[in-house]
Each structure stands twice: as structure tokens, then as C-alpha cells.
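In full-length UniProt numbering, the protein residues as written are 1 to 169.
Each residue gets a CB set at the ideal place from its N, CA and C atoms; glycine is no exception.
Nothing here was measured: the structure is a model prediction, and the numbers come from that model.
The next block holds one structure in the form of C-alpha cells; read it before the comments.
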């Protein structure tokens with residue numbers, strides 16, 4: 001089930017001049033696809049300029065797509081049952097939360113250029129400003145926070161790409 005992009009509730013006022021944008025999706029067992037999660041993220045980022053925000057820089061949009069891809073893929077590979085994604089763009093941060101049904105705390109593995117796989121969570125930590133793992137029901141949720149630039153950078157004037165950055169949409 002995908003919950004459409006929406007503005008923050010009236011009783012949940014932000015502390016900044018921008019409204020909070022949220023979008024989420026929940027997938028049944030075996031129904032999630034990283035491409036669907038990336039598409040949801042691109043929709044949220046494309047909507048940001050329509051709320052008075054500066055467009056999200058392309059480099060940050062790419063990092064966010066990497067985070068979404070890796071977290072959803074890990075939920076699919078390592079947790080039985082349904083999973084979900086919650087995106088929240090508010091103030092100067094983008095929060096990406098993925099929840100699943102596994103109570104096992106994920107571990108970041110050291111880099112090994114000869115190993116296939118096992119690099120995703122390390123990459124998430126590298127591109128995120130903060131990553132937190134907390135209990136969620138009988139499972140867990142992982143939230144990665146990416147800070148938005150305060151002032152317009154070199155590519156801040158360009159909108160987040162609408163075309164897929166990683167594989168097929």
C-alpha cells in the first residue's frame with residue numbers, strides 16, 4: 001500500500017518556514033521492490049520546489065536514492081514478512097526510515113573489495129549524517145538522516161533528477 005505524498009498535519013507545525021513533506025509505503029511479504037521505493041523518493045523530491053523549497057541538489061538526491069535502495073534491499077534480503085518506507089523532508093533534513101520484521105540489529109561490515117555484497121549499510125553510513133536503529137513492533141526500523149544544504153550550492157538550482165539514477169525505475 002502506498003500512502004500518497006502529503007503535507008504535514010495542521011497540528012504538527014514545523015519549526016522552520018517550510019512545510020514538512022511526508023510520503024510512505026508499506027509492502028506485503030515479497031511485494032517490495034527497491035525501484036518502487038526510489039520512485040517514491042523521486043516524487044517527494046520533485047514536489048519540494050512546489051512548496052517554496054529550494055530544489056534538492058542532484059548530489060544529495062543521488063545519495064538519498066542510494067540510501068533508499070540499500071535499506072529496502074536489506075529489508076528484503078534479511079527480514080521475513082512485510083516492510084515499509086517513510087520519507088520525511090522537513091527543515092534542513094531528509095529522513096529516510098525503513099522498517100522490517102526482523103529484530104536482529106544490522107551490523108556494518110568492514111570494506112572488502114573481494115567480497116560480493118555486504119557493503120550496503122556501510123555505504124548508507126558514509127553518505128548519511130546520522131543513522132539510527134530502533135525497535136519497531138517485533139522488528140526494527142533504520143532511519144538515515146541527510147542534511148540539506150543551507151545555501152544554494154553549485155547544483156542547488158537544478159531540480160532533483162526525475163530519471164532513475166540506479167537501474168530501472
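6 Å Cβ shell around residue i - same chain, five flanking residues per side excluded
i	result
residue 141	97, 99 and 134
residue 40	23 and 25
residue 34	69, 72 and 73
Buried versus exposed call for residue i [16 or more other C-beta atoms within 10 Å across all chains shown]
i	result
residue 143	buried
residue 42	buried
residue 51	exposed
residue 120	buried
residue 38	buried
residue 79	buried
residue 48	buried
Sub-9 Å separation of residue i and residue j beta-carbons
i	j	result
residue 64	residue 72	no
residue 74	residue 103	no
residue 21	residue 128	no
residue 108	residue 125	yes
Where residue i sits in the DSSP three-state scheme
i	result
residue 69	helix
residue 85	strand
residue 55	coil
residue 76	helix
residue 198	Absent from the structure is residue 198, since the part of the chain shown begins at 1 and ends at 169.
residue 16	Because residue 16 carries a pLDDT of 47, less than 50, the predicted location of this residue cannot be relied on, and no value is offered for it.
residue 61	helix
residue 135	strand
For residue j and residue i, believed in contact at Cβ under 8 Å, the rounded distance
i	j	result
residue 66	residue 123	6 Å
residue 101	residue 138	6 Å
residue 95	residue 145	5 Å
Proximal residues to residue i (C-beta, below 8 Å), its chain only, five neighbours per side dropped
i	result
residue 83	26, 27, 32, 72, 75, 76, 98, 99, 100 and 101
7 Å Cβ shell around residue i - same chain, five flanking residues per side excluded
i	result
residue 150	92
residue 132	143
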